[in-house]
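Take a look at the structure below.
There are 2 protein chains.
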Amino acid sequence: VTAEPGAVPARRGRRRGGGDTRAEILAAARAEFAAKGYDGASVRGIARAAGVDPALVHHYFGTKEQVFVTALQLPFDPSEVVPRLVAGTPEELGERIVRFFLSVWERPDARAPFLTLLGAAMTNEPAAAMLRGFVTSTLLQRIAASLHAPDAGLRVTAAVGQLLGVGVVRYVVRVEPLASASVDEVVALVAPTVQRYLAP
Amino acid sequence: VTAEPGAVPARRGRRRGGGDTRAEILAAARAEFAAKGYDGASVRGIARAAGVDPALVHHYFGTKEQVFVTALQLPFDPSEVVPRLVAGTPEELGERIVRFFLSVWERPDARAPFLTLLGAAMTNEPAAAMLRGFVTSTLLQRIAASLHAPDAGLRVTAAVGQLLGVGVVRYVVRVEPLASASVDEVVALVAPTVQRYLAP
């Protein structure tokens with residue numbers, strides 16, 4: 006879509022880097038994603054808003070997905086994590102996913118930025134659209150592509166619903182006894198559900 | 006805890022009803038629940054804040070649970086709905102619960118007040134405490150009491166997580182294909198999960 010990292014970075018007097026350029030690119034990215042959603046935003050548009058060359062955005066942050074993860078301080082990069090989760094024994098896919106998911110949510114600093122975005126999505130359609138586009142492009146389509154069920158997409162969204170709901174009930178609303186259960190207890194209860202959705 | 010509906014309603018010059026009294030009681034209830042949480046709030050405290058007799062609060066709204074449902078414009082009264090759902094054939098408990106839950110979330114006017122509360126709970130501990138106390142007292146404890154598993158409480162919270170997460174993914178973030186699936190498709194996918202949690 007945009008220039009490769011190796012392309013000539015600067016032209017027409019755009020800035021070339023320097024102290025606050027990274028922060029300015031991330032601020033421009035947040036504004037661009039909020040205004041156009043994840044699908045509508047582009048590295049080119051973010052670069053234009055920040056007054057830099059697209060190659061510099063790629064150089065600092067990588068792909069659009071990685072810009073999003075960094076700009077919203079999300080706790081992991083799906084392009085790295087998803088291939089790792091779907092590799093490995095199919096019989097333990099549910100357990101791997103639930104354990105990874107809980108390991109992220111267990112850390113307050115890791116879940117906070119996601120909860121801010123999710124809370125905004127409850128009552129604000131642009132925030133919902135931004136979250137929807139990101140989740141669809143980076144998590145759902147990748148996981149569904151690794152499955153072979155005809156209704157893989159629907160099954161992955163049901164599994165995401167299970168994980169999201171357990172996270173909200175356990176870590177946000179903190180309903181007992183789920184809030185105080187051990188990670189192993191939650192895995193024992195929830196992993197078979199995710200396994201059934203993803204590997205029926 | 007407080008006076009019965011049949012008790013003498015007015016004393017010490019408190020107001021006896023009239024045009025805006027209902028609205029004033031509900032405003033006092035929202036403030037009381039927000040300040041003290043669901044468990045800490047009482048009909049007596051709400052009445053005191055509204056300057057009326059507790060009997061009048063009971064007369065207009067019923068129990069504390071019913072005051073909460075009305076004050077927060079929640080779409081159903083758990084004291085009426087839960088006994089109906091747990092009655093009936095145990096083999097279809099999961100399906101009854103998922104169908105009821107979807108029938109509520111399908112209506113934008115019914116889900117909006119709940120989403121406002123849930124969105125606030127994402128970043129605001131008093132809102133989370135209010136939601137936690139209400140859900141625990143009115144949904145979880147009632148459903149868990151109807152089950153006979155030693156870990157009934159944990160299983161009910163996992164089922165609530167599944168329902169909440171599907172609702173958020175389908176109706177709020179609106180991730181496809183779950184967002185456009187028919188109610189019957191969602192029931193076919195999710196009811197076995199809820200059934201497994203509640204009737205293992």
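Residue numbers (the numbering used here), protein chains in the order written: chain A, 6 to 205; chain B, 6 to 205.
The beta-carbon is built from N, C-alpha and C at its ideal position, and this holds for glycine as well.
Quick caveat, the model's predicted, so the values are computed rather than measured.
Contacts around residue i, its chain only, beta-carbon distance under 8 Å, and the 5 residues preceding and following it disregarded
| i | result |
| --- | --- |
| Arg89(A) | none |
| Val103(B) | Leu168, Val191, Val192, Val195, Ala196 and Val199 |
| Val86(A) | Phe105 |
| Val165(A) | Val140, Leu144 and Leu145 |
| Gly93(A) | Arg101 |
| Ser142(B) | Tyr43, Asp44 and Glu70 |
| Thr128(A) | none |
| Arg201(B) | Gly99 |
Cβ distance (whole Å) where residue i is taken to contact residue j below 8 Å
| i | j | result |
| --- | --- | --- |
| Gly170(A) | Gln167(B) | 6 Å |
| Asp44(A) | Ala52(A) | Asp44(A) to Ala52(A), Cβ: 18 Å. No contact. |
| Glu190(B) | Leu159(A) | 7 Å |
| Ile148(B) | Val109(B) | Between Val109(B) and Ile148(B) the Cβ distance is about 16 Å, and since that is not below 8 Å, they are no contact. |
| Leu98(B) | Val161(B) | Actually they are not in contact, since the Cβ atoms of Leu98(B) and Val161(B) sit about 11 Å apart, beyond 8 Å. |
Buried or exposed (CB count within 10 angstroms, at least 16 for buried), residue i
| i | result |
| --- | --- |
| Pro242(A) | The displayed coordinates of chain A run from 6 to 205. Any statement about residue 242(A) would go beyond what the structure contains. |
| Ala163(B) | buried |
| Arg112(A) | exposed |
| Pro95(B) | exposed |
| Ala40(B) | exposed |
| His153(B) | exposed |
| Ala28(A) | exposed |
| Gly50(B) | buried |
| Ala186(B) | buried |
Any C-beta of chain A under 9 Å from that of residue i
| i | result |
| --- | --- |
| Val140(B) | yes |
| Ala39(B) | no |
| Pro197(B) | yes |
| Thr128(B) | yes |
| Ala36(B) | no |
| Ala133(B) | yes |
| Arg112(B) | no |
| Leu152(B) | no |
| Leu203(B) | no |
| Leu107(B) | no |
| Leu90(B) | no |
| Leu194(B) | yes |
Any C-beta of chain C under 9 Å from that of residue i
| i | result |
| --- | --- |
| Glu70(A) | Protein chains A and B are contained in the structure displayed, whereas chain C is not. |
Contact with chain B by residue i, beta-carbon distance below 9 Å
| i | result |
| --- | --- |
| Glu29(A) | no |
| Gly99(A) | no |
| Gln78(A) | no |
| Gln200(A) | no |
| Asp156(A) | yes |
| Glu190(A) | yes |
| Arg160(A) | yes |
| Val74(A) | no |
| Ala163(A) | yes |
| Gly170(A) | yes |
| Thr143(A) | no |
| Gly166(A) | yes |
| Thr121(A) | yes |
| Arg137(A) | yes |
| Ala125(A) | yes |
Residues near residue i in its chain [Cβ-Cβ closer than 6 Å; skip 5 each side]
| i | result |
| --- | --- |
| Ala46(A) | Glu37 and Phe38 |
| Val174(A) | Val180 and Leu183 |
| Pro80(B) | Val109 and Ala115 |
| Leu144(B) | Pro83 |
| Gly42(B) | Ala134, Met135 and Gly138 |
| Val188(B) | Leu107 |
| Thr68(B) | none |
Sequence-distant residues of its chain with Cβ nearer than 7 Å to residue i (five each side left out)
| i | result |
| --- | --- |
| Gly11(B) | Unreliable placement is indicated for Gly11(B), whose pLDDT of 44 sits below 50; the coordinate value is still reported in the next sentence. Nothing meets the Cβ criterion. |
| Val177(A) | Leu120 |
| Ala157(A) | Ala149 |
| Ala54(B) | Ala33, Ala36 and Glu37 |
| Ala132(B) | Leu122, Ala125 and Ala126 |
| Gln78(B) | Pro118 |
| Leu31(B) | Thr75 and Ala76 |
| Ser151(B) | Val91 |
| Val72(B) | Ala34, Val48, Ile51, Val62 and Phe66 |
Mind listing which residues of the stretch 173-187 of chain A have their C-beta closer than 9 Å to chain B's C-betas, in chain order? Val173, Val174, Arg175, Val177, Val178, Arg179, Val180, Glu181, Pro182, Leu183, Ala184 and Ala186
Output, in sequence order along the chain, the residues in the stretch 42-66 of chain A whose CB is closer than 7 Å to any CB in chain B. none
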